[in-house]
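Participant:
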Amino acid sequence: MNIGNNGSPGAAKAFGRLLRFHRERAKVSQEALGRETGYSKSQVAMIERGERRPRGNFVEVADALLGAQGALVEVAEEVKASGVAAWFEDYLVEEARAAGIHMYENHLIPGLLQTERYVRAVYACACPPWDPDELEASITARLDRQQLFHRKPAPLVSFVLEKAALTRPIGGPAVLKENLLHILDVARLLNVEVQVMPEGCRTHAGLNGPFTLIETAKRREQLVYVEGQSGRYFVSEQPEMGDVFARYGILRAQALSPDDSAKYIEEVARTL
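The sequence shown begins at 1268 in this note's numbering and counts up by one.
Shown next, in the form of structure tokens:
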């Protein structure tokens, strides 16, 4: 999968490993490197683990201090070009090679279904705001992910979306309407199903929040990916993983059928 402008998933981790190599070779502690770059020891550790992107003049100062002779500066360009958050790179690797992707979302249209204008509206809501220098690469990276719908062999992709995700006017009515019509187009693909969760359910299998299920190539392995306010993680062990897959099956049974969901989305779009 192409991510951004020549960037690639794993760039932040590659930079982190290189940073650690040069730091240890130069016999400089994380704390000392942090003092010189204006970072804390824990922040330096996060960069070395690939969980945080270096900002400001961190790269240039670290390269000179550690005697990396421009190596850190060179690899940092790849990190910047990838256009995705460092913590998201592991997920993208799995998404790019998945045989099946199944998402439950309750508060906004998921990235795989977003139009460019909707993506921009979502990024405009970010707190803290996005760095303008990274914004365009990030938008391109999100839209490029949608190439997977047409990949050969095509993955099976399904979505269960709460009505709130389809009616919240992110970007305004015109932006939302455009995105709803786009969802209808995607839902017509033979390998994609979109279902809407009705509001009147007295029982609901998704009260623990959004998640993504991934079936790897030839379905030899399954993963669950979950994002929260301050943490993102994979679930790959039983029985927890099986529990989430079971919840998704119940969600699909509780949701409107794909045909009825399409009719609902058409009705919402007509009112905008």
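Glycine is no exception: its CB is placed at the ideal position from the N, C-alpha and C atoms.
In terms of alpha-carbon separation, which member of 1477, 1288, 1421 lies closest to residue 1541?
Facilitator: With the chain covering 1268 to 1539 only, the question about residue 1541 has no answer from this structure.
Participant: One question on the structure: do residue 1323 and residue 1289 come within less than 9 Å of each other, judged by their Cβ atoms?
Facilitator: no
Participant: Rounded to whole angstroms, what is the Cα-Cα separation between residue 1380 and residue 1397?
Facilitator: 21 Å
Participant: Any idea if residue 1520 is buried or exposed, counting beta-carbon neighbours within 10 angstroms, 16 or more meaning buried?
Facilitator: It is exposed - the Cβ of residue 1520 has fewer than 16 other Cβ atoms within 10 Å.
Participant: If you draw a straight line from the alpha carbon of residue 1284 to that of residue 1361, how long is it in whole angstroms?
Facilitator: Cα to Cα, the separation comes out at about 21 Å.
Participant: When you compare only the Cα positions, how much space is there between residue 1401 and residue 1447?
Facilitator: 27 Å
Participant: Contact defined as beta carbons within less than 8 Å: I believe residue 1473 pairs with residue 1514. What is the distance between those atoms, to the nearest angstrom?
Facilitator: 7 Å
Participant: Spatial neighbours of residue 1384 within its chain, please: CB distance less than 7 Å, with the 5 preceding and 5 following residues excluded, ordered by chain position.
Facilitator: 1438, 1442, 1445
Participant: Rounded to the nearest angstrom, what separates residue 1477 and residue 1460 at their Cα positions?
Facilitator: 17 Å
Participant: Considering only the beta carbon of each residue, do residue 1286 and residue 1331 sit closer than 9 Å?
Facilitator: For the 9 Å CB-CB criterion, residue 1286 and residue 1331 do not form a contact.
Participant: May I have the straight-line CA-CA distance separating residue 1432 from residue 1469, to the nearest angstrom?
Facilitator: 19 Å
Participant: Could you name the residues of the same chain whose beta carbon sits closer than 7 Å to that of residue 1325, not counting the 5 residues immediately before and after it, in chain order?
Facilitator: 1304, 1306
Participant: Considering only DSSP beta bridges, list what residue 1479 is partnered with.
Facilitator: 1370, 1492
Participant: Which residue or residues does DSSP assign as beta-bridge partners of residue 1296?
Facilitator: In the DSSP output, where bridge partners are listed per residue, residue 1296 has none listed.
Participant: Pull up the distance between the alpha-carbon of residue 1429 and that of residue 1463, whole angstroms please.
Facilitator: 6 Å
Participant: Classify residue 1358 as helix, strand or coil using the three-state DSSP reduction.
Facilitator: helix
Participant: Tell me, which residues are paired with residue 1426 by DSSP?
Facilitator: 1370, 1461
Participant: Once the 5 residues before and after residue 1390 are set aside, which same chain residues still bring their CB inside 8 Å of it?
Facilitator: Only 1397, 1402, 1405, 1406 meet the Cβ criterion.
Participant: CB residue 1370 to CB residue 1426, shorter than 9 Å?
Facilitator: yes
Participant: Based on the DSSP output, what are the partners of residue 1502 in its beta bridges?
Facilitator: 1491
Participant: Hey, residue 1365 and residue 1317: beta-carbon distance below 9 Å or not?
Facilitator: no
Participant: For the alpha helix (DSSP H) that contains residue 1384, what are its first and last residues?
Facilitator: Taken as a continuous stretch (DSSP letters only), the alpha helix (DSSP H) holding residue 1384 covers 1383-1391.
Participant: Under the assumption that residue 1533 contacts residue 1367 (Cβ atoms under 8 Å), give the Cβ distance between them as a whole number of angstroms.
Facilitator: About 27 Å; that fails the 8 Å criterion.
Participant: So, under 8 Å CB-CB, residue 1378 and residue 1412 are touching, yes? Tell me the CB distance rounded to an integer number of Å.
Facilitator: 6 Å
Participant: In whole angstroms, what is the alpha-carbon distance linking residue 1409 and residue 1387?
Facilitator: Looking at the two C-alpha atoms, the distance is approximately 10 Å.
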